[in-house]
Amino acid sequence: MSDSKTIILMTLYMSLCVVSFEIISQKFIKTKNTRIVSSDASKRTSKARSGIECSAVCTRDENCCSSSYDAQLNLCSLFSTCSTEYAEGCSITKKTPEPAPNWFFNTKLCYVWNADGDVNQCGGGGVSSNLCAYVNEWTTYYNDDSDSRSGGCVMKWSINSIGYDDWFANVEVCFQWFAVGTGKDQCDGKASPPLCARVDTFTGYYRDDTDSNSKGCQMQWKLSVPVDSPQWIQNTQFCYEWYTNDNQGQCGGVSNGVSCAIANSFTAPYIDHTAGSGGGCYMRWKIVVDT
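For reference, each letter of the sequence shown is one residue, going 14 to 304 in the numbering used here.
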């Protein structure tokens with residue numbers, strides 16, 4: 014087997030264990046016996062998303078998926094969150110699920126908006142200008158109906174929490190946008206994407222001023238977490254949902270939709286193209302974690 018990482022489906026039959034699942038397999042060099050699977054964010058995340066849930070197999074011919082290998086014990090080890098089950102001739106490392114702590118469920122995602130012109134373009138129907146929701150709950154819908162009327166809508170996001178672990182202070186909510194075609198001024202025109210903010214602070218303001226003179230603004234969101242943060246937060250998702258009450262061409266080209274992205278990944282692009290053609294786009298956001 015080559016030294017490069019490959020994804021394979023292995024079925025291993027031995028006297029005391031039978032294992033069958035998809036793993037990343039690599040060949041160990043006995044003389045070095047060093048770490049051959051990196052524990053950086055992409056590797057850790059890919060393992061968590063794979064459905065393998067931190068599985069590993071060592072065989073007598075030294076093919077193994079692990080971060081370290083003990084030649085004497087014939088043992089694979091991945092990360093500190095894994096527990097090990099022993100069997101003759103092989104070792105299986107399985108993840109012990111680590112639940113999100115209680116303090117995380119008191120965390121809120123907040124969206125704040127203001128109109129700098131005609132207020133009827135922003136919010137809609139007396140909606141609060143400060144929309145917050147706890148983890149696993151949606152914010153209230155915000156109606157985006159910007160068009161050729163005066164001014165636009167300025168908006169920003171934040172994550173607010175109390176009693177959290179120290180590493181959580183480095184978690185960020187991020188927003189990025191790009192003008193579709195010409196008309197950069199329709200998509201803020203001043204600030205440079207992405208806009209990110211750590212816990213208990215707001216992103217900079219983004220100014221939404223789309224109308225019929227542009228092709229719209231592509232919008233995306235992300236939950237950014239440290240590479241050495243617990244696995245449960247690395248599997249947490251940031252979600253965005255929208256629907257239109259009139260012209261779907263104004264709202265991502267479809268009448269409704271949901272886009273979710275795992276931590277450190279942006280949601281799929283959504284094109285905001287409200288332009289005064291009737292109705293608007295109703296938008297809301299949520300942070301999702303397994304319970």
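Yeah, the Cβ is synthetic: ideal placement off N, Cα and C, and Gly gets one too.
Fair warning: this is a prediction, and the values are worked out from it, not measured in the lab.
**Prompt:** What is the C-beta distance between R216 and I300, in whole angstroms, given that I count them as a contact (C-beta under 8 Å)?
**Reply:** Taking the first residue of the sequence shown as 1, we reach residue 216 at position 203. Taking the first residue of the sequence shown as 1, we reach residue 300 at position 287. Sequence inspection shows Thr at residue 216; the Arg mentioned does not correspond to that position. Not confirmed; about 15 Å, so no contact.
**Contact check, C294 vs S272, beta carbons under 8 Å** = On the sequence shown, residue 294 is found 281 positions in, with the first residue counted as 1. On the sequence shown, residue 272 is found 259 positions in, with the first residue counted as 1. It is not a contact, given that the beta carbons lie outside the stated cut-off.
**V184 beta carbon less than 8 Å from that of V212** = As a first step, residue 212 must be located in the sequence shown, where it is residue number 199. As a first step, residue 184 must be located in the sequence shown, where it is residue number 171. Contact: yes.
**Request:** Using only alpha-carbon positions, find the residue among W180, L208, P114 that is nearest to V240.
**Result:** Working through the sequence shown from its first residue, we reach residue 240 at position 227. When each option's Cα is compared against that of V240, the closest is W180.
**Candidates L208, W170, C230, of which the one nearest Y283 by Cα** = Position 270 of the sequence shown, counted from the start, is the residue given in the question as residue 283. Comparing Cα positions, the closest option is C230.
**Prompt:** Across which residues does DSSP place V271 in a beta bridge pair?
**Reply:** Translated into the one-based positions of the sequence shown, residue 271 becomes position 258. Note: V271 sits in a beta bridge opposite E254.
**Message:** Tell me which residue opens and which closes the beta strand (DSSP E) that I284 is part of.
**Reply:** Numbered from 1 along the sequence shown, position 271 holds the residue referred to as residue 284. Where I284 is concerned, the enclosing beta strand (DSSP E) stretches over 283 to 285.
**Item:** Buried or exposed by the 16-neighbour rule on C-beta atoms within 10 Å, applied to N269
**Value:** Here residue 269 refers to the residue found at position 256 of the sequence shown. Answer is exposed; the Cβ neighbour count stays below 16.
**Request:** Could you check the C-alpha separation between Q275 and W116 for me, to the nearest Å?
**Result:** Within the sequence shown, residue 275 is the residue found at index 262, counting from 1. Within the sequence shown, residue 116 is the residue found at index 103, counting from 1. According to the sequence provided, residue 275 is Ile. The question's Gln does not apply to it. Those two C-alpha atoms are separated by around 20 Å.
**Cα-Cα separation, Y177 to Q233** = Your numbering for residue 177 matches position 164 in the sequence shown. Your numbering for residue 233 matches position 220 in the sequence shown. In a straight line, the C-alpha of Y177 is about 26 Å away from that of Q233.
**Message:** According to DSSP, simplified to helix, strand and coil, what is I36?
**Reply:** As a first step, residue 36 is located in the sequence shown; it is residue number 23 there, counting from the start. At I36, the pLDDT of 33 sits below 50, so the modelled position is not reliable; the number obtained from the coordinates is stated separately. I36 falls in the strand class under three-state DSSP.
**Asked** Would you call W141 buried or exposed, if buried means 16 or more other Cβ atoms sit within 10 Å of its Cβ?
**Response** Here residue 141 refers to the residue found at position 128 of the sequence shown. Residue identity differs from the one stated: residue 141 is Ser in this sequence, not Trp. Label assigned to S141: exposed.
**Prompt:** Between the Cα of V125 and the Cα atoms of N133, W151, Y155, which residue gives the shortest distance?
**Reply:** Walking along the sequence shown from the start, residue 125 turns up at place 112. The shortest C-alpha separation from V125 is found at Y155.
**Item:** Cβ pair D303, D221 closer than 8 Å
**Value:** If you number the sequence shown from 1, residue 303 lands on position 290. If you number the sequence shown from 1, residue 221 lands on position 208. No. Outside cutoff.
**Request:** Out of V238, S242, D285, W190, state which residue places its alpha-carbon closest to the alpha-carbon of Y314.
**Result:** Limits of the chain in this structure are 14 at one end and 304 at the other, which puts residue 314 out of reach.
**Message:** Does I175 pass the burial test, meaning 16 or more other C-beta atoms within 10 Å, or should it be called exposed?
**Reply:** Looking up residue 175 in the sequence shown gives position 162. With fewer than 16 other Cβ atoms within 10 Å, it is exposed.
**Asked** Does DSSP put I21 in a helix, a strand or coil?
**Response** As a position in the sequence shown, residue 21 is number 8, starting the count at 1. Reliability of the predicted coordinates at I21 is poor, the pLDDT of 31 falling under 50, and no value is obtained from them.
**Request:** Would you kindly report the start and end of the unbroken beta strand (DSSP E) that includes Q233?
**Result:** The sequence position of residue 233 within the sequence shown is 220, counting from 1. Per DSSP, Q233 belongs to the beta strand (DSSP E) from 230 to 237.
**Message:** Rounded to whole angstroms, what is the Cα-Cα separation between E111 and W255?
**Reply:** Position 98 of the sequence shown, counted from the start, is the residue given in the question as residue 111. Position 242 of the sequence shown, counted from the start, is the residue given in the question as residue 255. Whole-angstrom Cα-Cα distance: 32 Å.
**Item:** Alpha carbon of P207 to alpha carbon of V193, nearest angstrom
**Value:** In the sequence shown, the residue the question calls residue 207 occupies position 194. In the sequence shown, the residue the question calls residue 193 occupies position 180. Distance between the alpha carbons of P207 and V193 is about 16 Å.
**Asked** CA-CA distance, V186 and S278?
**Response** Position 173 of the sequence shown holds residue 186. Position 265 of the sequence shown holds residue 278. Cα to Cα, the separation comes out at about 11 Å.
**Asked** What is the DSSP secondary structure of N248, counted as helix, strand or coil?
**Response** To locate residue 248, count along the sequence shown from 1; it is residue 235. N248: coil per DSSP, three-state reduction.
**Message:** Let's test the definition: count the other Cβ atoms within 10 Å of the Cβ of S68 and tell me whether it reaches 16, buried, or not, exposed.
**Reply:** Reading the sequence shown from its first residue, position 55 is the one you call residue 68. With a pLDDT of 38 at S68, under the threshold of 50, the modelled position of that residue is not reliable, and the figure given next carries that caveat. Classification of S68: buried, given that the 10 Å Cβ count is 16 or more.
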